[in-house]
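Under my numbering, residue 552 is the last one in the sequence shown; the count climbs by one each step, no gaps.
Backbone N, C-alpha and C fix where the C-beta goes; we use that ideal spot for every residue, glycine too.
Here the structure is laid out as structure tokens; the discussion comes afterwards.
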Amino acid sequence: MTSPLVTSLIDNDLYKFTMGQVTHDFAEAVVRYRFINRDRRPFPPGFADELRAHVDAMADLRLTPQEYDWVRRCAPWFKLGYLQWLRGFRFDPTQVRIGQQGDDLRLEVEGPWIETIYWEVPLMAMISELYFKSAPPDADWEQRLKEKADRLANAGVSWIDFGTRRRFSRAVQDRVNEVCKPYGPRFRGTSNPYFAMRHGLTPQGTFAHELPMALQAKVGVRACNRAALDAWVNQYRGDLGIALTDTVTTDVFLRDFDAYYAKLFDGVRIDSGDPAEVGERFVAHYQRLRIDPASKILVFSDALNTDRAIALHKQFEHRVKMTAGIGTHLTNDFGHRALNMVIKLTHADFGHGFVGVVKLSDEPGKHTGDPADIAAAKRSLGLGE
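This is how it looks when you write it as structure tokens:
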């Protein structure tokens with residue numbers, strides 16, 4: 168193995184740490200995750216072995232004194248007890264099972280939720296960087312990146328780097344943040360705490376599908392949205408107030424997101440479906456609840472590119488506070504088709520045995536979970552096929 172691909176414990180997405188603090192309220196939970204290769208991309212011979220070596224190397228990572236001091240200073244919503252726990256945290260590579268049959272990569276993670284929650288993002292980043300290691304980016308990639316930033320800023324778009332999971336490489340994401348930084352305050356920061364620390368940016372993020380998915384095993388699929396929102400409020404007391412909308416479809420979320428939650432949370436993140444249409448649904452929802460949509464934030468984050476972000480900005484300008492979370496278009500759009508992959512929670516055990524959990528996207532092709540669990544969840548939620 169050459170030098171490790173991930174060299175910092177906080178080279179991750181912020182929401183893993185913000186959710187990580189919440190997992191300590193459910194310290195009994197044990198969970199399972201599975202790698203999903205959505206476009207069935209073939210992996211070269213020996214890929215699993217190379218990935219295994221990099222996973223094993225992560226056992227050496229620890230929160231450095233510099234990182235600890237930065238997190239305490241720049242992320243005041245983390246409690247001292249959690250940060251002290253994080254300072255003692257070490258990745259356990261035995262929690263990650265990796266295999267390969269022909270060109271098919273298999274990967275699963277299992278262990279205590281308070282520990283395994285930190286694996287997903289670095290695993291995906293390493294898979295992506297290893298996959299593209301022999302494929303250099305286009306020679307003009309930095310110029311194209313600068314042109315994207317120019318267009319976004321000139322159009323008045325506020326944007327965040329959301330590109331850690333599928334980045335071309337760590338070095339590329341580093342350069343992305345370096346190039347985008349001068350565009351602040353239009354460029355609002357990055358979801359990656361390591362690059363936020365390195366470049367003096369604001370770390371951005373709240374929670375992901377993982378939180379309501381896991382809580383399905385504790386409270387059932389019908390109550391998972393409310394349980395996640397309640398757990399979040401209990402932990403952060405009004406901070407980090409962006410709620411994710413589509414864990415079990417936006418339709419179901421809108422049923423749950425009543426005036427109490429709509430007033431309590433600063434806004435929502437829209438991560439599937441037609442963003443223009445879903446955004447309009449939330450504007451109308453706020454209006455029905457007699458809440459001024461202009462006081463709320465909509466974060467769009469599903470496969471955005473420059474054109475889509477600008478179009479959404481034009482549609483919602485002066486109507487809501489809009490931010491674009493842009494990932495692969497910034498960190499892996501350099502002449503090679505990025506991997507279409509996810510690592511999703513599949514089961515959780517809160518002390519009474521493993522229960523299958525699901526994600527029911529607004530795009531049926533992006534549902535995750537065992538087929539029987541998906542069908543049962545749809546029946547329970549009153550969703551048609």
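Report buried or exposed for Ser-462, applying the criterion of at least 16 other Cβ atoms within 10 angstroms of its Cβ.
-> Start at 1 with the first residue of the sequence shown, and residue 462 comes out as number 295. Exposed, since its Cβ has fewer than 16 Cβ neighbours within 10 Å.
Touching by the beta-carbon criterion (3+ pairs, under 8 Å), the stretch 181–194 and the stretch 242–250 = yes
Give the single residue among Tyr-298, Leu-548, Leu-253 and Lys-545 whose Cα lies nearest to the Cα of Leu-272.
-> Here residue 272 refers to the residue found at position 105 of the sequence shown. Out of Tyr-298, Leu-548, Leu-253 and Lys-545, Tyr-298 has the C-alpha closest to the C-alpha of Leu-272.
State buried or exposed for Lys-526, treating a residue as buried only when at least 16 other CB atoms are found within 10 Å of its CB.
-> Position 359 of the sequence shown, counted from the first residue, corresponds to residue 526. Per the 10 Å Cβ criterion, buried.
Are the stretch 456–473 and the stretch 428–445 in contact at 8 Å, needing three or more beta carbon pairs?
-> yes
In three-state terms, what does DSSP make of Gly-494?
-> Here the question's residue 494 lines up with position 327 in the sequence shown. Looking at Gly-494 - three-state DSSP - the assignment turns out to be coil, as it is neither helix nor strand.
Could you spell out the range, first to last residue, of the beta strand (DSSP E) harbouring Gly-434?
-> Locating residue 434 in the sequence shown gives position 267, counting from the first residue. Residues 434–437.
Going straight from the alpha carbon of Thr-412 to that of Pro-303, what length do you get?
-> In the sequence shown, counting from the first residue as 1, residue 412 sits at position 245. In the sequence shown, counting from the first residue as 1, residue 303 sits at position 136. Near 37 Å, if we compare the C-alpha coordinates of Pro-303 and Thr-412.
Determine whether the Cβ of Phe-335 lies closer than 9 Å to any Cβ atom of chain B.
-> No chain B is part of this structure, which consists of one protein chain only.
With burial defined as no fewer than 16 other Cβ atoms inside 10 Å of the residue's Cβ, what is the status of Glu-195: buried or exposed?
-> Within the sequence shown, residue 195 is the residue found at index 28, counting from 1. Burial call: exposed.
Write down the C-beta distance between Val-522 and Ala-375 rounded to the nearest angstrom, noting that I regard them as a contact closer than 8 Å.
-> Here residue 522 corresponds to residue number 355 of the sequence shown, with the count starting at 1. Here residue 375 corresponds to residue number 208 of the sequence shown, with the count starting at 1. Wrong, their Cβ atoms sit about 19 Å apart, outside the cutoff.
Is Lys-183 helix, strand or coil by DSSP?
-> Counting from one through the sequence shown, the residue named residue 183 turns up at place 16. Lys-183 falls in the helix class under three-state DSSP.
By a C-beta neighbour count over all protein chains shown, 10 Å radius and 16 as the cutoff for buried, is Asp-474 buried or exposed?
-> By one-based count along the sequence shown, residue 474 stands at place 307. By the 10 Å Cβ count, Asp-474 comes out exposed.
Around the Cβ of Pro-538, are there at least 16 other Cβ atoms within 10 angstroms (buried) or fewer (exposed)?
-> On the sequence shown, position 371 is the one that residue 538 refers to. Pro-538 is exposed by the Cβ-count criterion.
Measuring CB to CB, does Leu-479 end up less than 9 Å from Ala-443?
-> Here residue 479 refers to the residue found at position 312 when the sequence shown is read from its first residue. Here residue 443 refers to the residue found at position 276 when the sequence shown is read from its first residue. One thing to note: Leu-479 has its Cβ within 9 Å of the Cβ of Ala-443.
What does DSSP give as the partner residues of Gly-523 in its beta bridges?
-> The residue labelled residue 523 in the question sits at position 356 within the sequence shown. Looking at the DSSP output, Gly-523 shares a beta bridge with His-514.
Contact belief for Arg-365 with Trp-326 at Cβ below 8 Å, rounded distance in angstroms | Taking the first residue of the sequence shown as 1, we reach residue 365 at position 198. Taking the first residue of the sequence shown as 1, we reach residue 326 at position 159. The Cβ separation is near 19 Å, so there is no contact.
Rounded to the nearest angstrom, how far is the Cβ of Val-343 from that of Thr-498, given a contact under 8 Å?
-> Here the question's residue 343 lines up with position 176 in the sequence shown. Here the question's residue 498 lines up with position 331 in the sequence shown. That pair is a contact at about 5 Å.
Among residues of its own chain, excluding the 5 on either side of Asn-179, which ones have a beta-carbon nearer than 8 Å to its beta-carbon?
-> If you number the sequence shown from 1, residue 179 lands on position 12. Around Asn-179: Tyr-285, Val-288, Pro-289, Thr-331, Asn-359, Pro-360 and Tyr-361.
Segments of 3+ residues assigned as beta strand (DSSP E) that fall wholly inside the stretch 336–381 | Listed in chain order, the complete beta strand (DSSP E) runs (minimum 3 residues) inside the stretch 336–381 are 354–357.
Between Phe-483 and the rest of its own chain, which residues show a CB-CB distance below 8 Å, the 5 nearest in sequence each way excluded?
-> Start at 1 with the first residue of the sequence shown, and residue 483 comes out as number 316. If we look at Phe-483 and ignore the five residues flanking it on each side, its Cβ neighbours are Gly-446, Val-450, Leu-465 and Met-489.
Inspect the beta-carbon positions of Phe-424 and Gly-408 and report whether they are closer than 9 Å.
-> Mapped onto the sequence shown, residue 424 falls at position 257. Mapped onto the sequence shown, residue 408 falls at position 241. No. Outside cutoff.
According to DSSP, is Asp-328 helix, strand or coil?
-> Within the sequence shown, the letter at position 161 stands for residue 328. Of the three classes helix, strand and coil, the one that applies to Asp-328 here is strand, per DSSP.
Which residue's Cα is closest to the Cα of Pro-171: Asp-223, Ala-316, Leu-250 and Ala-426?
-> Reading the sequence shown from its first residue, position 4 is the one you call residue 171. Closest option to Pro-171, Cα to Cα, is Asp-223.
Taking C-alpha atoms, which residue in Gly-255, Met-380, Gly-266 and Thr-231 lies nearest to Ala-220?
-> In the sequence shown, counting from the first residue as 1, residue 220 sits at position 53. Ranking the options by Cα distance to Ala-220, first place goes to Gly-266.
Straight-line gap, Pro-379 to Thr-414 (C-alpha atoms, nearest Å) = Position 212 of the sequence shown holds residue 379. Position 247 of the sequence shown holds residue 414. If you take the alpha carbons of Pro-379 and Thr-414, they lie about 7 Å apart.
Three-state secondary structure assigned by DSSP to Pro-279 | By 1-based counting over the sequence shown, the position of residue 279 is 112. Looking at Pro-279 - three-state DSSP - the assignment turns out to be strand.
Ala-491 beta carbon less than 9 Å from that of Ala-476 | In the sequence shown, the residue the question calls residue 476 occupies position 309. In the sequence shown, the residue the question calls residue 491 occupies position 324. Taking 9 Å as the Cβ cut-off, Ala-476 and Ala-491 qualify as a contacting pair.
Closest by CA to Ala-395, which one among Gln-454, Gly-372 and Phe-420?
-> By one-based count along the sequence shown, residue 395 stands at place 228. Each of Gln-454, Gly-372 and Phe-420 was checked against the Cα of Ala-395, and the nearest Cα belongs to Phe-420.
According to DSSP, what are the bridge partners of Arg-257?
-> The residue you call residue 257 lines up with position 90 of the sequence shown. DSSP output for Arg-257 lists no bridge partner at all.
Just the Cα atoms here: how many angstroms apart are Phe-202 and Met-291?
-> As a working mapping, residue 202 is identified with position 35 in the sequence shown. As a working mapping, residue 291 is identified with position 124 in the sequence shown. Distance between the alpha carbons of Phe-202 and Met-291: 9 Å.
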